[in-house]
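Numbering (this note's numbering), first residue to last: 101 to 389. For glycine and all other residues, C-beta sits at the position ideal for the given N, C-alpha and C. Bear in mind the structure is a predicted one, so any value in this text is a computation, not a measurement. Contents: one structure, followed by commentary.
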Amino acid sequence: MRGVLLMAHGTPDSLDEMPDFLTRVRDGRPPSPELVAEMRRNYEAIGGRSPLLDIARAQAKALSVELSGAPVFVGMRNWKPFIADAVAEAVAAGVRRLVAVPMAPQFSTLSVAKYREAADAARPENLDVRFVESWHDNPGLVGAFAQRLRQTLGRGGWDVVFFTAHSVPLRVIEEGDPYRDEVEATARAVAARAGLADYRLAWQSAGRTPEPWLGPSLDASIEMAAQGGARRVLVVPIGFVSDHTEILFDVDIQAASVARARGVELRRTESLNTMPVFIRALAELVRSA
Numbered sequence: 101m102r103g104v105l106l107m108a109h110g111t112p113d114s115l116d117e118m119p120d121f122l123t124r125v126r127d128g129r130p131p132s133p134e135l136v137a138e139m140r141r142n143y144e145a146i147g148g149r150s151p152l153l154d155i156a157r158a159q160a161k162a163l164s165v166e167l168s169g170a171p172v173f174v175g176m177r178n179w180k181p182f183i184a185d186a187v188a189e190a191v192a193a194g195v196r197r198l199v200a201v202p203m204a205p206q207f208s209t210l211s212v213a214k215y216r217e218a219a220d221a222a223r224p225e226n227l228d229v230r231f232v233e234s235w236h237d238n239p240g241l242v243g244a245f246a247q248r249l250r251q252t253l254g255r256g257g258w259d260v261v262f263f264t265a266h267s268v269p270l271r272v273i274e275e276g277d278p279y280r281d282e283v284e285a286t287a288r289a290v291a292a293r294a295g296l297a298d299y300r301l302a303w304q305s306a307g308r309t310p311e312p313w314l315g316p317s318l319d320a321s322i323e324m325a326a327q328g329g330a331r332r333v334l335v336v337p338i339g340f341v342s343d344h345t346e347i348l349f350d351v352d353i354q355a356a357s358v359a360r361a362r363g364v365e366l367r368r369t370e371s372l373n374t375m376p377v378f379i380r381a382l383a384e385l386v387r388s389a
């Protein structure tokens, strides 16, 4: 039997789990009390819990229907249900060929590569795993992002359009990680499909480390746009396929606050989540793998 595994970063189920969750995110290094407090405040601001897991399960259910009932499992790298748990569940269900899809379209050694490591470590000998490493230029994905963008562009009046993705440490890019190039390629493709001639690229959600991260940041980009006279800006998060903390807090609350303080109205495109066009794109991606 064939099955599908959707993989994502993970999110704690409650605020009490935040220290353990952050320890896993930081590869075993305990977080400072200040970082724990900050992240708790961020989660409290979006209702106390990220919807990431709920949305991933809804995506899995919709994808299973699109694949005529093929089983689709959900595994997280940094929290329950872990990728290893999902692989074990698939094997117990009789799956012998598994297509593993990271719900992060652009490849990075800091994200997608670690998903693959977790899946490989959990794979028994009798399970054939086909891993999708990058789908940043997948036509269905590009089309889904472009449709969301066109829906918002139709309201008109945007002074600046920012395409965003999660920042990474600059040293990773300098070491040859293709992540920045793939994000730029996604942006070009989405803009072309949507008929958008002018846009800017900004990076969001940088980690709390002293080393330089890929920029310019979204907050700094908003400030520069305001200085240039912009009063309405649109954010298009092309590095994410669902709502979670990096969208609901980093964009909807933090970046929006920066914009308001400078007299700028900020809006963003709706996330893909279980958008039918996106689910069909996932199905075609799985079939081709």
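*asked:* Taking the straight line between their C-alpha atoms, what separation do you get for A137 and V358?
replied: Spanning the two alpha carbons is a distance of roughly 21 angstroms.
_Among R149, P202, G147 and R250, the one whose alpha carbon lies nearest that of V172_ = Relative to the Cα of V172, the nearest Cα in the group R149, P202, G147 and R250 belongs to P202.
*Who are the Cβ neighbours of A285 in its own chain at under 8 angstroms, not counting the five residues just before and after it?*
Same-chain partners within the cutoff: H236 and D237.
*Inter-stretch contact at 8 angstroms, needing at least 3 Cβ pairs: the segment 375-383 / the segment 156-163*: The segment 375-383 vs the segment 156-163: in contact.
*Looking only at C-alpha atoms, which of H266, P181 and S342 sits nearest to D113?*
Proximity to D113 across H266, P181 and S342 peaks at P181, based on C-alpha coordinates.
*Range of the contiguous alpha helix (DSSP H) that encloses E365*: Taken as a continuous stretch (DSSP letters only), E365 belongs to no alpha helix (DSSP H), being part of the beta strand (DSSP E) at E365 to R368.
*With distances taken Cα to Cα, identify the nearest neighbour of H266 among D185, A145, W179 and A204.*
Nearest of D185, A145, W179 and A204 to H266, Cα basis: A204.
*Please report the Cβ distance between A145 and I322, rounded to the nearest whole angstrom; I am assuming they are in contact, meaning their Cβ atoms lie under 8 angstroms.*
Not a contact, Cβ separation roughly 19 angstroms.
*First and last residue of the alpha helix (DSSP H) that includes G175?*
Annotation: G175 is outside any alpha helix (DSSP H); the continuous beta strand (DSSP E) that includes it extends over V172 to M176.
*Short CB-CB distance (under 8 angstroms) between I155 and chain D*: No chain D appears in this structure, which consists of one protein chain only.
_Once DSSP output is grouped into helix, strand and coil, what is the label at D127?_
D127 falls in the coil class under three-state DSSP.
*Quick one: what does DSSP say S267 is sitting in, helix, strand or coil?*
Of the three classes helix, strand and coil, the one that applies to S267 here is coil, per DSSP.
*By how many angstroms is the C-alpha of G257 removed from the C-alpha of R157?*
For R157 and G257, the gap between their C-alpha atoms comes out near 36 angstroms.
*Near L249, which residues of its chain fall below 6 angstroms by C-beta distance, leaving aside the five closest residues on each side in sequence?*
Beyond the five residues adjoining it in sequence on each side, L249 comes within less than 6 angstroms, by CB distance, of A294, V336 and T369 in the same chain, given in chain order.
*Check whether the Cβ atoms of H344 and S150 lie closer than 8 angstroms to each other.*
Inclusion of H344 and S150 in the CB contact set at 8 angstroms is warranted, their separation being smaller than that value.
*Three-state class that DSSP yields for R362 in the structure shown*: Here DSSP, grouped into helix, strand and coil, assigns R362 to coil.
*Who pairs with L301 in a beta bridge, going by DSSP?*
Paired residue(s): F263.
*Residues near L118 by beta carbon distance below 6 angstroms, same chain, minus five either side*: Note on identity: in this sequence residue 118 is Met, with Leu being the wrong assignment. So the list reads P112, V136, M139 and R140, once near-sequence residues are dropped.
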